[in-house]
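Numbering (my numbering), first residue to last: 8 to 309.
Here you go:
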């Protein structure tokens, strides 16, 4: 009987040790599967059983190994496994750098950035991405956003409303070369007070329009000067307040196009009351034919 009890005790102890070791062995890593050109991020104990090539996450400003060995150019899909929600990376530097064939990022909501301090070149040259949801990012500890979205030529909008940039000191080339980027939405956490270098921040953002209609102009400063919510002619900026109605979006569908011209014509003909901040495109304090003409030009230039 004593022998059986002793064996049982050892079995319980062994099971407890195995559980403890299993919990301690959980690690954050990425796995590239060449058969479907997918890079998947995990946080678990199953690394050795994964098919494909696995990589440690990088640290600080060092490039990740999936960049240095060249597979980044082959990646078409990035997936964040639900397990990765428990990971706490301290850097996302170069994670998707030069992924020129990347078409989609799935499960990005499982990336917790609360401990991240640098996002240098995170999405640089992801020119085939047409959408990117970073609206949940916690950037409270980030100090460096150098080139984070540079050359993302497929993007037409960015929602940065969750970004807290109070500690960011580096914004050089942040949106550089985003030639099709039209709208950048920000919230109350956006600030450039700590920024010391923002050279080229808006270089070649030729489609960019602020929430009150301020359009990108090569004669304007390309640094943080215009990196704030657009206040119209008295305080021009290139950003749009989150949830603010877009100037010229008469029908409220989030776009400015021919449908808005038709809607504005009906408003003028019927003298229908309308929000001046959206429909007074000529800035004369009235909504009339001059605004229809201005809207037509705005649509044609989009």
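Ideal placement from N, C-alpha and C gives every residue a C-beta, glycine not left out.
For residue i and residue j, what's the separation of their Cα atoms in angstroms?
{"i": "residue 115", "j": "residue 291", "result": "44 Å"}
{"i": "residue 46", "j": "residue 278", "result": "56 Å"}
{"i": "residue 86", "j": "residue 103", "result": "12 Å"}
{"i": "residue 303", "j": "residue 48", "result": "46 Å"}
{"i": "residue 305", "j": "residue 236", "result": "20 Å"}
{"i": "residue 180", "j": "residue 273", "result": "43 Å"}
{"i": "residue 215", "j": "residue 223", "result": "5 Å"}
Exposed or buried, what is residue i when buried is set at 16 or more other beta-carbons lying within 10 Å of its beta-carbon?
{"i": "residue 166", "result": "buried"}
{"i": "residue 71", "result": "buried"}
{"i": "residue 69", "result": "exposed"}
{"i": "residue 146", "result": "buried"}
Would you call the CB atoms of residue i and residue j closer than 9 Å?
{"i": "residue 130", "j": "residue 118", "result": "no"}
{"i": "residue 98", "j": "residue 60", "result": "no"}
{"i": "residue 210", "j": "residue 184", "result": "yes"}
{"i": "residue 203", "j": "residue 225", "result": "no"}
{"i": "residue 268", "j": "residue 295", "result": "no"}
{"i": "residue 169", "j": "residue 144", "result": "yes"}
{"i": "residue 245", "j": "residue 221", "result": "yes"}
{"i": "residue 141", "j": "residue 100", "result": "no"}
Residues in its own chain within less than 6 Å of residue i by CB, not counting five upstream and five downstream?
{"i": "residue 247", "result": "190, 192, 218"}
{"i": "residue 148", "result": "124"}
Excluding the five sequence neighbours on either side, which residues of its own chain have a C-beta within less than 8 Å of the C-beta of residue i, listed in chain order?
{"i": "residue 62", "result": "36, 37, 38, 39, 71, 72, 73"}
{"i": "residue 162", "result": "136, 137, 138, 139, 156, 185, 187, 188"}
{"i": "residue 207", "result": "179, 180, 183, 229, 230"}
Secondary structure at residue i, three-state DSSP: helix, strand or coil?
{"i": "residue 46", "result": "strand"}
{"i": "residue 28", "result": "Note that residue 28 scores 45 on pLDDT, short of 50, meaning its location in the model is unreliable; the coordinates nonetheless yield the value given after this. Residue 28 falls in the helix class under three-state DSSP."}
{"i": "residue 266", "result": "helix"}
{"i": "residue 104", "result": "coil"}
{"i": "residue 170", "result": "coil"}
{"i": "residue 296", "result": "helix"}
Can you find the residues in the same chain that come closer than 7 Å, C-beta to C-beta, to residue i, ignoring five residues on each side of it along the sequence?
{"i": "residue 109", "result": "82, 83, 85, 103, 133, 135, 136"}
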